[in-house]
Amino acid sequence: MRRIGLDDATEPGRPASPPPTFETLSALVTAHVRAISFEGLDPYVGIPVADLAPQALQHKMIDRRRGGFCFEQNGLLAAVLESIGYDVVPLAGRVVWMRDPGPMPAETHKLLNVGIPGESSRYIVDVGFGGCTPPNPLRFALDEPQPTDLEEFRIVAVDPTGNHPLDPEVAGQLSMQVRIGDEWRPMYLFTPVPRPPIDSLVGSWFASTYPGSRFVAGATAAIVTESSRLNLSGPQLTEHHRDGRTVKTTLGSVGEILSVLDDRFGIDVDDCPGLAGRLAESLLNG
188 MRRIGLDDAT
198 EPGRPASPPP
208 TFETLSALVT
218 AHVRAISFEG
228 LDPYVGIPVA
238 DLAPQALQHK
248 MIDRRRGGFC
258 FEQNGLLAAV
268 LESIGYDVVP
278 LAGRVVWMRD
288 PGPMPAETHK
298 LLNVGIPGES
308 SRYIVDVGFG
318 GCTPPNPLRF
328 ALDEPQPTDL
338 EEFRIVAVDP
348 TGNHPLDPEV
358 AGQLSMQVRI
368 GDEWRPMYLF
378 TPVPRPPIDS
388 LVGSWFASTY
398 PGSRFVAGAT
408 AAIVTESSRL
418 NLSGPQLTEH
428 HRDGRTVKTT
438 LGSVGEILSV
448 LDDRFGIDVD
458 DCPGLAGRLA
468 ESLLNG
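When we follow my numbering, the leftmost residue of the sequence shown carries the number 188, and every step to the right adds one.
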């Protein structure tokens, strides 16, 4: 709890854990995305993300002051939510964000379907989608634009290739979308079918070792603030503000990038061996 800026429930006089309510869920998600950066620095320096056990995730992201990508972020939060008393169902998604039309991508994204005891409504929780992570829980309801602290999101039914709205019982595919300006942009396709732990292990291994993976090819990081999103892609730092302003800064040296990762994203760069050398190589090769 201290890592994400919430009161420590283990202090004397406090309950063992907060109650599994919507208010608790919302507070946990909001605090998580503002405190623990999305990042894929381990794959970038050649370290596969192979251990998704809760103890390993806690050690990396809590004890070592690092971030992680979707399998780590949502894996850690799932363990926390289950310990409090929520019903957590892991789901898998196919990322289509910023992709040209083409073959169906692999299921390399993890998200969570969360139920609250005593309530019929369920919520999609996803603290691991990087530059467009939903900053709040979303009701698992179709065709319902949902405002958040930043953008609007919605879940719609699509055909198996992700193109047109259809009856979900026929199509079997759902699309998570975000509103950018006046346009709804698809982020990923998913189904409500629960996924076993082995699927996360396979997806994480692929995303962290495949030469064509964006995590292997470049340094990436993202974090949410109260009124903006901060994204790093290589030397390019971009801040998208809630009021529509976008500020882009090109970082000119390895030292600047490391400083930004530490100061703005809260990442302990000393914990990632070989990062400075890999960044220098990337800057040299343009």
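Idealized CB from N, CA, C, for every residue including glycine.
Since the model is a prediction, treat every value here as computed from it, not as a measurement.
Please check the pair residue i and residue j, which I expect to be a contact at CB under 8 Å, by giving their CB distance rounded to whole angstroms.
i       : j       : result
Glu-486 : Arg-366 : Coverage of the chain is limited to positions 188 through 473, which leaves residue 486 absent and any answer about it impossible.
His-219 : Leu-264 : 6 Å
Val-216 : Val-314 : 6 Å
Phe-340 : Leu-329 : The Cβ separation is near 12 Å, so there is no contact.
Gly-421 : Ser-391 : Going by Cβ atoms, the distance from Gly-421 to Ser-391 rounds to 22 Å, so no, they are not a contact pair.
With which residues is residue i paired in a DSSP beta bridge?
i       : result
Val-456 : In DSSP, Val-456 forms no bridge with anything.
Lys-435 : Thr-425
Ala-467 : Its beta-bridge partners do not exist; DSSP assigns none.
Ser-362 : Val-343, Leu-376
Leu-472 : The identity of residue 472 in the sequence shown is Asn, whereas the question assumes Leu. Asn-472 pairs with nothing; no bridge assigned.
Gly-302 : Asp-274, Arg-309
His-329 : The sequence shown places Leu at residue 329, not His. Looking at the DSSP assignment, Leu-329 forms a beta bridge with Ile-342.
Ala-409 : Phe-225, Asn-418
His-219 : Per DSSP, none; premise fails for His-219.
His-296 : Gly-280
Glu-370 : Ile-367
Gly-255 : Phe-225
Pro-334 : Glu-339
Going by beta carbon distance, what residues of the same chain come within less than 7 Å of residue i, once the five residues before and after it are set aside?
i       : result
Asp-243 : For clarity, residue 243 is Ala in the given sequence; the question names Asp instead. No residues qualify anywhere along the chain.
Tyr-375 : Gly-280, Arg-281, Val-282, Val-283, Trp-284, His-296, Met-363
Gly-318 : Ala-409, Arg-416, Asn-418
Ile-249 : Arg-190
Ser-224 : Gly-254, Ala-408, Ala-409, Ile-410, Phe-452, Gly-453, Ile-454
Phe-258 : Val-236, Leu-239, Lys-297, Ser-387, Gly-390, Ser-391
His-427 : Ser-415, Arg-416, Thr-433
Leu-438 : Pro-422, Leu-424, Ile-444, Val-447
Can you tell me whether residue i is helix, strand or coil according to DSSP?
i       : result
Gly-318 : helix
Tyr-397 : coil
Asn-478 : For the chain, the structure presents residues 188 to 473; residue 478 sits outside this window and is missing.
Tyr-231 : helix
Arg-416 : strand
Glu-356 : Low per-residue confidence applies at Glu-356: pLDDT is 49, beneath 50, and the placement is therefore not dependable, though the value from the model is reported in the following sentence. It is helical.
Met-285 : coil
Arg-190 : helix
Pro-207 : coil
Gly-461 : coil
Glu-198 : With a pLDDT of only 47 at Glu-198, under 50, the local geometry of the prediction cannot be trusted, and no value is derived from it.
Pro-384 : helix
Asp-250 : helix
Val-447 : helix
Leu-263 : helix
Ser-391 : helix
Ile-290 : A quick correction: the sequence has Pro, not Ile, at residue 290. Correct three-state label for Pro-290: coil.
Leu-268 : helix
Ala-512 : With the chain represented from 188 up to 473, any question about residue 512 goes unanswered, as that position is not in the structure.
Val-236 : coil
Ser-440 : coil
Applying the criterion that 16 or more other CB atoms from any shown protein chain within 10 Å of the CB defines a buried residue, is residue i buried or exposed?
i       : result
Val-301 : buried
Phe-402 : buried
Thr-407 : buried
Pro-199 : Its pLDDT being 46, under 50, Pro-199 is placed unreliably in this model, and the value from its coordinates should be taken loosely. That one is exposed.
Gln-260 : buried
Val-447 : buried
Gly-255 : buried
Thr-320 : buried
Lys-435 : exposed
Glu-413 : exposed
Asp-229 : buried
Pro-262 : For the sequence presented, residue 262 should be read as Gly rather than Pro. Classification for Gly-262: buried.
Ile-444 : buried
Gly-227 : buried
Within a Cβ cutoff of 6 Å, which residues of the same chain sit near residue i, ignoring the five residues on either side of it in sequence?
i       : result
Arg-252 : Asp-455
Arg-221 : Val-411
Asp-458 : Arg-251, Arg-253
Grab me the residues of residue i's own chain with a C-beta within less than 8 Å of its C-beta, minus the 5 sequence neighbours each way, in chain order.
i       : result
Val-357 : The predicted position of Val-357 is uncertain, since its pLDDT is 48 and thus under 50; a value taken from the coordinates is nonetheless stated next. For Val-357, where only same-chain residues beyond five positions count, there are no Cβ hits under 8 Å.
Ala-467 : Val-441
Ser-204 : Ala-196, Ser-270, Ile-271, Gly-272
Leu-299 : Asn-261, Leu-264, Ala-265, Leu-268, Val-275, Val-276, Pro-277, Leu-278, Ile-311, Val-312, Asp-313
Ser-213 : Asn-323, Pro-324
Glu-306 : Phe-209
Arg-372 : Trp-284, Gln-364, Val-365, Arg-366
Tell me, please, whether the CB atom of residue i is closer than 8 Å to any CB atom in chain D?
i       : result
Asp-386 : Here there is only one protein chain, and chain D is not present.
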